[in-house]
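Residues 288 to 343, numbered by this note's numbering, are exactly what the sequence shown covers, in order.
Right, one structure below, let's go through it.
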Amino acid sequence: MNRKEFINQINSLYSLAWSMTTSVSSLLDQVGIPAHRVFSEKSIELFFFFLNNPPS
288 MNRKEFINQI NSLYSLAWSM TTSVSSLLDQ VGIPAHRVFS EKSIELFFFF LNNPPS
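In structure tokens:
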């Protein structure tokens, strides 16, 4: 795998993680459950990181 393919895979993974995070966030909002009650402390940091940093 060359560098360009590797970067494309990382970008795709990041986009997927961001998309899944926004879907989970929307679902939690709909049912009224705060995210901090669902995720561990480390997971919540990543959760908010992905929400606040959409892919470019």
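Note that CB positions come from ideal geometry on N, CA and C, so glycine has one too.
query	result
The alpha helix (DSSP H) enclosing Ser299, as first and last residue numbers	Arg290 to Val318
Classification of Thr309 by the beta-carbon crowding that lies within 10 angstroms, buried from 16 upward	exposed
Terminal residues of the alpha helix (DSSP H) in which Phe336 lies	Glu328 to Asn339
Residue from Ser343, Leu338 and Asn295 with nearest C-alpha to Ser313	Leu338
Local Cβ density within 10 Å of Phe293, reported as buried at 16 or more and exposed below that	exposed
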